[in-house]
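Working notes for the structure below.
Number of protein chains: 2
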Amino acid sequence: MVKVELICVGNEILIGKTLNTNAHWLAKRVTSLGLKVNRITTVADDLEEISSAINEALSRNPRFIITTGGLGPTFDDKTLEGIAKALNLKLEVNDEALKMIEEKYAQYVKEGRMEKAELTPHRVKMATLPVGAKPLPNPVGTAPGVLINYENVTVIALPGVPSEMKAIFDESVVPVLRKEAGKVIFYEAGMEVLGIVESEIAPLIDKVMHDNPYVYIKSHPKGEEKTSRIELHFSTTSEDVETAKKRVGRAIIQISDMIKKKGGKIRPIKTFG
Amino acid sequence: MVKVELICVGNEILIGKTLNTNAHWLAKRVTSLGLKVNRITTVADDLEEISSAINEALSRNPRFIITTGGLGPTFDDKTLEGIAKALNLKLEVNDEALKMIEEKYAQYVKEGRMEKAELTPHRVKMATLPVGAKPLPNPVGTAPGVLINYENVTVIALPGVPSEMKAIFDESVVPVLRKEAGKVIFYEAGMEVLGIVESEIAPLIDKVMHDNPYVYIKSHPKGEEKTSRIELHFSTTSEDVETAKKRVGRAIIQISDMIKKKGGKIRPIKTFG
């Protein structure tokens, strides 16, 4: 599967003020498009931290690196500078990005929400991109997203504001990822197991995973082990849904029989798939 | 400040099924104890991924590495193996951990929720720790937490089930962190700015940060830039609350005046502090 790394930039995540819902949303979207998120890294609004996180990600050879946060007009929006540093690219004012931003401010003035639309240094900053970058239109905010093709990796920088991040992703990033993903789909199904503890299920999972090499089973104890409520998630990737369903179905039947023999109860649950 | 790295282990986070509330909770707790979370990394339930994440964290010289997830009895609980590999330590059955687990299962049998308490290989697995590790009692589940002092770093492994993670953290990890943190406290206050856009506030922040070197100001546009609602968070660290409050107060007064002159409105908001 095509490897993707997510890098989230923001002190507010590291001090535990902001719950990282951006990473969660992106991970789900990327997975359901048939690509694989290998790692999620959160770093501070700090040039060195951002550029080393990018460099470390590059060394793991993902096909895509997607960043969130740090694209705005303030001094601590340092993501593009960090990417430029890591890729050894210069920053320059990008004409296409500048035009996007000028049009936004002209529109704000027209709507009477601002008096002047002039390009202050802080506004020009949002159009200052690594050389060769492509700005991605921001349908709901000002700072454009950014796409950079660099050797075998595509680096995509998205804003940290969730509504802007999602809008740019859906409009400009989905087509790029879909093209690379090919036809692989991710399929998952789940069940809840009651009445036996996780350490009793563990050997059953081992056996079923062994007999069903394409199926991955993960157990999720819910609450405390002593309540004996465990979710099992069965997942596989395949080029067609029918094959995927068949594989997962076979594993579910096998483990269900084994769980019942141990005195456990099962019931189906809705999962991700 | 004392540096901490968080490493979260779990495929369910990488496929976007589970929102990483553990990292959020830990980041907040660690910060309010006066330590600094430098990085949060999420990796798959994979031995190589876990051990390289630990190795990379070690190379950044944090005082603490706290992991979540991967301590249970199933085949894909690989965190301790990954830590052992990274630290070049052998794994061995830890007598103290084994005793904790035996007592848990004896209790489950007593409560009539299980028939037999014997130590199956999957249960012994939870007591198989890196040599020299200290098990941390799990007040609400079975798998103990683990603490390892290795050269200048302390590695602490916590379960992924939030109730267990929190209980072990509060009971056994807080005293360790508090001792290292010294007296440093983190203080924060916030305000909401209405009626001017982020790119207009950016130069004001630059000025106030310059005049108040110990205060960090971060702007958070809420929703879309055009709605002109921006939160400003002012933070500092200090050995006493009074100094911290005075510093942040001075910065707030200065920027409030500047915002009002620009035609903006402000109102105080509750933040983290």
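Going down the list, the sequences are from chains A and B. Mapping to the working numbering: the first sequence position 192 is 272, numbers consecutive. Mapping to the working numbering: the second sequence position 103 is 183, numbers consecutive. Think of the CB as a built atom: it goes at the ideal place given N, C-alpha and C, for glycine as much as any other residue.
Can you have a look at residue i and say buried or exposed, based on whether 16 or more other CB atoms are within 10 angstroms of its CB?
i: Glu195 of chain B; result: exposed
i: Lys165 of chain B; result: buried
i: Glu305 of chain B; result: Per-residue confidence for Glu305 of chain B stands at a pLDDT of 49, beneath the threshold of 50, marking its modelled position as unreliable; the derived number appears in the next sentence. Buried.
i: Gly353 of chain A; result: Since pLDDT at Gly353 of chain A reaches only 47, below the 50 mark, its modelled position is unreliable, and the value read off the structure follows with that caveat. Burial call: buried.
i: Leu274 of chain A; result: exposed
i: Gly344 of chain A; result: buried
i: Asn174 of chain B; result: buried
i: Ile297 of chain A; result: buried
i: Ser315 of chain A; result: buried
i: Ser139 of chain A; result: exposed
i: Val254 of chain A; result: exposed
i: Gly149 of chain B; result: buried
i: Thr122 of chain B; result: buried
i: Arg258 of chain B; result: exposed
i: Thr234 of chain B; result: buried
Can you tell me whether residue i is helix, strand or coil according to DSSP?
i: Tyr188 of chain A; result: helix
i: Ala107 of chain B; result: helix
i: Asn232 of chain A; result: coil
i: Val89 of chain B; result: strand
i: Leu115 of chain A; result: coil
i: Val204 of chain B; result: helix
i: Ala124 of chain A; result: coil
i: Thr351 of chain A; result: coil
i: Gly96 of chain B; result: coil
i: Ala237 of chain B; result: strand
i: Lys179 of chain A; result: helix
i: Val82 of chain A; result: coil
Can you tell which of the options has the C-alpha that lies nearest to the C-alpha of residue i?
i: Phe266 of chain B; options: B:Val117, B:Val89, B:Lys97 and B:Glu92; result: B:Val117
i: Met338 of chain B; options: B:Ser308, B:Lys108 and B:Ile276; result: B:Ile276
i: Ala103 of chain B; options: B:Pro283, B:Pro242, B:Glu280 and B:Asn229; result: B:Pro242
i: Ala124 of chain A; options: A:Lys158, A:Leu99 and A:Leu138; result: A:Lys158
i: Gly240 of chain A; options: A:Ser336, A:Val233, A:Val226 and A:Arg140; result: A:Val226
i: Glu129 of chain A; options: A:Ser112, A:Arg309, A:Asn141 and A:Asp156; result: A:Asp156
i: Asn91 of chain A; options: B:Asn292, B:Gly221 and B:Glu268; result: B:Glu268
i: Ile95 of chain B; options: A:Thr317, A:Lys325 and A:Thr323; result: A:Thr317
i: Glu28 of chain A; options: A:Val89, A:Gly329 and A:Thr111; result: In this structure chain A extends from 81 to 353, so residue 28 of chain A is not present and cannot be described.
i: Glu231 of chain A; options: A:Asn218, A:Glu176, A:Met245 and A:Gly212; result: A:Gly212
i: Ser299 of chain B; options: B:Lys326, B:Lys325, B:Ala247 and B:Ile335; result: B:Ile335
i: Asp286 of chain A; options: B:Thr122, B:Arg203, B:Ala197 and B:Thr154; result: B:Thr154
i: Val295 of chain A; options: A:Arg309, A:Lys108 and A:Ile333; result: A:Ile333
i: Pro293 of chain A; options: A:Lys302, A:Ala282 and A:Ala324; result: A:Ala324
Could you round the C-beta distance between residue i and residue j to whole angstroms and report it? I think they count as a contact, below 8 Å.
i: Glu278 of chain A; j: Gly152 of chain B; result: 6 Å
i: Leu115 of chain A; j: Val82 of chain A; result: 4 Å
i: Ala237 of chain B; j: Ile163 of chain B; result: 6 Å
i: Leu209 of chain B; j: Leu160 of chain B; result: 6 Å
i: Leu86 of chain B; j: Ile146 of chain B; result: 5 Å
i: Ile349 of chain A; j: Glu311 of chain A; result: 6 Å
i: Glu319 of chain A; j: Val264 of chain A; result: 6 Å
i: Thr351 of chain A; j: Gly270 of chain A; result: 4 Å
i: Ile181 of chain A; j: Thr222 of chain A; result: 6 Å
For this session: Ignoring anything shorter than 4 residues or poking outside the segment 126-168 of chain B, list the alpha helix (DSSP H) runs there in chain order.
Result: 127-139 and 159-167
Exercise. If you scan the segment 239-294 of chain A from start to end, which runs of the beta strand (DSSP E) of 3 or more residues do you find wholly inside it?
Worked result: 265-274
Problem set entry | Whole alpha helix (DSSP H) elements within the segment 310-348 of chain B, 4-residue minimum | 321-341
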